Amino acid sequence: MVTHDFARPSVPHAEVRVDLDAIRANVAELAVRAGGADVMAVVKADAYGHGLVPVARAALEAGASWLGTAVLTEALALRAAGVTARVLAWLCAPGERWSDAVAADVDVSASAPWAVGEIAAAARETGRVARVHLKVDSGLGRSGAPRQAWAGLVDEALKAQAEGVLEVVGLWSHLAFADEPGHPENAAQLEAFNAAVAFAESRGARPEVRHLANSAATLALPDTHFDLVRPGLAVYGLSPIPDQVASADVGLRPAMSVRARLTLVKRVPAGHGVSYSHLYTTDRETTLGLVPLGYADGVPRHASSGAGAGPGAPVLVNGVTRRVAGRVCMDQFVLDLRDDAVQAGDEVVLFGGGEGEPTAQQWAEACQTISYEIVSRFAPRLPRTYVGAGVERP
Ligand SMILES: *Cc1c(COP(=O)(O)O)cnc(C)c1O
């Protein structure tokens, strides 16, 4: 068992706690659900806010054989930390640090001939063979070569492969409606992807991996698994199809909890305005509790409640669920704790996976967004602390 650095909380007031056992259990579950396909754990965006390197190591321990990042700097950070597994970085711009990618043995993606040209030039320069995944737009309308440009991209890449500077190791695409498994666009995209693969193979491509499935498709669309699946959200224990299955229904356990300590508790009379613009007013004599987290930490301002705002996101304090009262500020928000027995220093759980704790999904609903956004936006100023086997206790 590899040991992880325990990120000692540098501040006493709040933390993002990440359970690496949950990450490992989720990856093991996804590996089973992937059938014969390999698992690429997607760790972009600092592992959806959970911490790039500890999550990557845990995922690899549990059976993932690939890691996926969006930008190249994330892939290079994995290499700098000593992670040697296959890594694909798929979001690159003209003038990218391709030489660093090739030198660090990072797989890269190309959606257009200019990228093939730049990658080939970097490979000639470094004297190493670049590994390239060609991406087709099978219908998402985001990255990937549009269908009419696929032949040109394939031929350009195979020309460079014949020269010996790069290897086309992957053919891939991404789905638009995986979170609606019954949507007809899924079948249309699958057909388009199969056609693109067949075309590339007819031109002589011999890809090591063909890959299409994100978390939702890994769970619900087995026809899309091919050789490799690319789950992100499910690795973190959250359901990508929350209106159809809760994470627990598919054997997944949330890895992140966000916890803080009340910095102030005080009694106020009825009719007391709370926080900016007094969106919320106390309806009786009550106890207000101050939570030292705000939108600069990643608490959405949409978690506010009161006049013109939403219902307020739920928070657990000493076994009781309360909602954000009034406006979320930059560094703080307020709770109306009624007559609860609380004092400064008591723990507040914004969301987590434990008994009675609100979930990231409930936060997403209160804020009219998706759980992806809730977990991935917590700021670096909040320390990540890690729990689970292999974590060294301070
Ligand atoms: C983010 C991303 C994934 C993972 O998506 P989830 O829905 O989190 O599983 C997979 N592939 C690509 C290209 C992505 O951008």
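For any residue, its number in the working numbering is found by taking its place in the sequence shown, counting from 1, and adding 1105. Just so you know, even glycine gets a beta-carbon here, dropped at the ideal spot from N, CA and C. Owing to the predicted nature of the structure, the values given are computational and were not obtained by experimental measurement.
Supposed contact pair residue j and residue i - C-beta distance, whole angstroms, cut 8 angstroms
i	j	result
leucine 1367	aspartate 1441	That belief does not hold up - the Cβ atoms of leucine 1367 and aspartate 1441 are roughly 13 angstroms apart, past 8 angstroms.
histidine 1279	leucine 1245	5 angstroms
tryptophan 1171	arginine 1191	5 angstroms
With 16 other Cβ atoms within 10 Å as the buried cut-off, status of residue i
i	result
valine 1123	buried
arginine 1489	buried
serine 1243	buried
glycine 1376	exposed
aspartate 1402	buried
tyrosine 1385	buried
glycine 1461	exposed
valine 1137	exposed
glutamate 1134	buried
Three-state secondary structure (DSSP) of residue i
i	result
glutamate 1120	strand
proline 1488	coil
glycine 1493	coil
leucine 1295	helix
aspartate 1354	helix
threonine 1189	coil
alanine 1250	strand
leucine 1317	strand
serine 1344	coil
valine 1454	strand
Beta-bridge pairing of residue i - partner residues as DSSP gives them
i	result
histidine 1238	Ser1214, Gly1275
methionine 1361	Val1123
aspartate 1441	Leu1393
phenylalanine 1483	BP columns for phenylalanine 1483 are empty, so no partner.
tryptophan 1171	Met1145, Arg1191
proline 1405	According to DSSP, proline 1405 bridges with nothing at all.
threonine 1386	Gly1378
proline 1428	It is worth fixing the name first, because residue 1428 is arginine in this sequence and not proline. Paired residue(s): Pro1419.
leucine 1369	Leu1395
serine 1410	Gly1415, Pro1416
valine 1334	Val1144, Ala1318
Nonlocal neighbours in the same chain, by C-beta distance under 6 angstroms from residue i, ignoring five residues either side
i	result
serine 1476	Leu1343, Ala1465, Gln1466, Ala1469
arginine 1236	Asp1212, Glu1272, Val1274
valine 1160	Ile1128, Val1148, Ala1152
arginine 1233	Val1207
arginine 1315	Leu1276, Val1302, Phe1331, Asp1332
proline 1419	Thr1426, Arg1428, Pro1463, Gln1467
arginine 1406	Tyr1400, Val1433
Neighbourhood of residue i by C-beta, 7 angstroms cutoff - its chain only, sequence neighbours within 5 removed
i	result
glycine 1313	According to the sequence as given, residue 1313 is glutamate; it is not glycine. Excluding residues within five positions, the ones whose Cβ falls inside 7 angstroms are Val1274, Gly1275.
alanine 1139	Thr1323, His1330, Val1334
proline 1397	His1118, Ala1119, Ala1365, Thr1368, Asp1436, Gln1437
alanine 1412	Leu1384
Residue-level contact to chain D via CB, residue i, 9 angstroms cutoff
i	result
valine 1259	Considering every chain present, this structure includes no chain D. It has just one protein chain.
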